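Numbering that gives the first Met the number 0 numbers the first residue of the sequence shown as 0 and each following residue consecutively.
By construction, the Cβ of each residue, glycine as well, lies at the ideal position given by its N, Cα and C atoms.
Remember, predicted model here, so these are calculated numbers, not experimental data.
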Amino acid sequence: MKREYERVDAVAPAGVKETFAYLAELPNALDRRWWVMLLSIQAVIVAVNTTQSNLFGRSVDPLIGGSIPGLGSGSSAFIWAIALAMLCMLIELSLRGLGNYVVGQKVARASIDLRRRCLDAILRAPVPRVMELGTGNVITRMTKDIDDVVQTITAIGSRVLTTAFVFPITFLGLLLIDVRFALILVIVGICTYPFARAVVRAIPAASNAVSVAEARRNAVLLDTVRGLPTLRAFGLERWALGRMRRTSWGAVEATMDRVPWFIRLMGIGQFAFAAWVLLTLGVGAWLVSTGAVTPGEASAAVFMVIRAEVVVFNALFFIGELQSAATSVGRAVSLAKLADGRAATVVPDDLDAPEDVEINHVSFAYPGGANVLEDLSVTLAAGTTTALVGTSGAGKSTLAALIAGLVEPTSGSIRVGRVDTSQVSDVWTAKNVTLLTQDVHIFAGTLREDLSMAAPESDDTVLLNALASVGLDPNSTQFARLFPNGIDTAVGAGADDLPPEVKQQVALARVALAGPKILILDEATAEAGSDATNTLEDAAARITEGTTALVVAHRLDQAATADRILVMEAGRIIEDGTHAELLAAGGRYAQLFEAWSGEGH
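Quick look at the structure:
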């Protein structure tokens, strides 16, 4: 059995080449001038670092009767060598600070571009893809994954480039002293490479597992917060805590499973560096004894190697960290590319009148399950209201979601007028096909801002009339109590919670302002209490006028007033007609209506 964090991610991270190609297109991309400046800084840092090591090492020669090229011999040469080495150290420290600043500023700006691209992709991408990825996964990719990259590159980006320069320049410095010192570095590198490569190749999968586990944990946390009323009502607090504990532990397990790979890298680094130092000391002593190099030259070689200790461990550690960062930014890039292909689609004009909705041989099945809808074909006539009834699980909400573009058919097609909805952006579908369910959302802000999203150019009179049309009379006592500051009253997150039926009324008012040509109401008045039922259903009936409407009816009196009624059973339409025709036929609808009427409705 797989552990909590070992679930397969719905969208794999982008590859390294794909990621770099995408990042190069960002407005704040790492352009050529930036690279030239940064690489110049790193080159100077490494040059002064190597010079400093040489000066410290060669300072031994004047003390034993030798000399330093360019500085001469005696105590004055020794003092000059130390003074110049200290100056090199100050220059190096100053340039490191400048390099870190240059890297941090550029990466921070690029991260803003990437987040903007991610959000744009979510707004444009096929809704089924976003839903498959999951809210927690989307949030993790847009926040933590990008933050991890920014923190990693800001912390080590400049040092990575320094490390990349140090190895070849150290090799060159050792080569200038004696070729045998340089050969030691080559031999150690060749022996270390296969072991380091095997470990490094395992890190991306381990890093992705961490992000997947954290995304799962975030999704459970969001779900728990959203479902607080239900959890409390059913006494499921302990169940929620248990679920949160499992997903949190899954994130911990994934993180801990990644740690051994970094430990192995550090172990490889320790053996490599120890071998490098010991071989350099041994070869240096031998070369001095044979007179091939001076003690100062041997000391300079050893000093270079000792100064490279940090570089050796940095190189291995950076490889692991950069692999993790590459995985994280690849996850963000794959999210930013989620809408690719849709943006290039030719977008037809928005509907200016109700159109037919044609469902042609549509089948649908959730992953790993049997068909929910089976070869379903039906046309909703333009400008009419069709009621969809049937028992729970018949496929009514699935059909509504398919027409609205929230899920995609397994086979078949859906056309709105002359437009095949699978061939256009979800932006077009969302503008022209409005789905309203019982799970409505009030956006944080003022009531005015919430309503104005549907009709940005509307003045206060239009907004107030829309509220009145759904039963929220601005002159009523109820309105004054619920919205003490009128349409400037704060609503949504952070404000006093509104009753469920009032939320539905606000949502209906938004629909009225948007004036959609295709409207789907999926039990949009199901939360209404007995006092608000008639008000909400009257409001729903008014906003369907002048549209092509599909009403998933939970109350059969809603169906009775529709132009047409479709009865669904097991993913198929088994009856089709008007209220009177279906009652006269004495079939399934007549049975449902009789049972419903017998319950006192």
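Helix, strand or coil at residue i [DSSP, three-state]
i	result
residue 63	coil
residue 513	helix
residue 578	helix
residue 409	coil
residue 363	strand
residue 601	Here the chain comprises residues numbered 0 to 600, so residue 601 is not present and cannot be evaluated.
residue 390	coil
residue 566	strand
residue 416	coil
residue 173	helix
residue 24	coil
residue 527	Below a pLDDT of 50, predicted positions are generally treated as unreliable, and residue 527, at 48, falls in that range; the measurement from the model is reported next regardless. In the structure shown, residue 527 sits in coil (DSSP, three-state: anything other than H, G, I, E or B).
residue 290	coil
residue 370	strand
residue 233	coil
residue 50	helix
residue 495	coil
residue 16	helix
residue 484	coil
residue 337	coil
residue 343	With a pLDDT of only 44 at residue 343, under the threshold of 50, the placement of this residue in the model should not be trusted; the figure read from the coordinates follows. Three-state result, residue 343: coil.
residue 471	coil
residue 257	helix
residue 554	coil
residue 281	helix
residue 125	coil
residue 210	helix
residue 307	coil
residue 585	coil
Inter-residue CB distance, residue i and residue j (contact presumed, cutoff 8 Å)
i	j	result
residue 446	residue 478	The pair is not a contact, with the Cβ atoms about 10 Å apart (cut-off 8 Å).
residue 267	residue 205	Not confirmed; about 17 Å, so no contact.
residue 363	residue 406	7 Å
residue 165	residue 307	6 Å
residue 63	residue 102	Contact doesn't hold; Cβ gap of about 43 Å is too wide.
residue 359	residue 323	With a Cβ gap of about 48 Å, residue 359 and residue 323 do not count as contacting.
residue 239	residue 230	5 Å
residue 141	residue 114	6 Å
residue 432	residue 517	4 Å
residue 337	residue 121	7 Å
residue 11	residue 333	7 Å
residue 117	residue 335	5 Å
residue 180	residue 300	5 Å
residue 512	residue 465	5 Å
residue 541	residue 468	6 Å
residue 557	residue 536	6 Å
Buried or exposed (CB count within 10 angstroms, at least 16 for buried), residue i
i	result
residue 100	exposed
residue 533	exposed
residue 303	buried
residue 566	buried
residue 148	buried
residue 594	exposed
residue 343	Interpretation of residue 343 is limited by its pLDDT of 44, a score under 50 that renders its predicted location unreliable; no figure is taken from the coordinates.
residue 48	buried
residue 455	exposed
residue 605	The structure shown does not extend to residue 605, since the chain is modelled only from 0 to 600, so the question has no answer here.
residue 484	exposed
residue 330	buried
residue 18	buried
residue 191	buried
Beta bridge counterpart(s) of residue i as assigned by DSSP
i	result
residue 548	384, 518
residue 444	490
residue 572	567
residue 378	357
residue 432	517
residue 72	66
residue 264	Residue 264 pairs with nothing; no bridge assigned.
Residue i CB to nearest heavy atom of the ligand HEM below 6 Å
i	result
residue 146	Judged by which ligands are present, the structure shown has none, so any question about the ligand HEM falls away.
Chain D contact for residue i (CB, 7 Å cutoff)
i	result
residue 347	In the structure shown, chain D cannot be found, because there is only a single protein chain.
Are the segment 385 to 399 and the segment 552 to 565 touching, with three or more C-beta to C-beta distances below 8 Å? In short, these stretches touch, since the Cβ pair count reaches three.
Please determine if the segment 48 to 68 and the segment 184 to 199 are in contact, where contact requires at least 3 C-beta pairs separated by less than 8 Å. A contact is defined here as three or more CB-CB pairs under 8 Å, and the segment 48 to 68 fails this definition with respect to the segment 184 to 199.
Please confirm if the segment 75 to 95 is in contact with the segment 42 to 54, defined as three or more CB-CB distances below 8 Å between the two stretches. yes
Is it a yes or a no for the segment 39 to 50 touching the segment 86 to 97, going by three-plus beta-carbon pairs under 8 Å? yes
Counting Cβ pairs, one atom from each stretch, are 3 or more of them under 8 Å apart for the segment 389 to 402 and the segment 540 to 552? In the pairwise beta carbon analysis, the segment 389 to 402 is classified as touching the segment 540 to 552: at least three pairs are separated by under 8 Å.
How do the segment 577 to 589 and the segment 415 to 426 stand: do at least 3 beta-carbon pairs fall below 8 Å, yes or no? Short answer: they don't touch.
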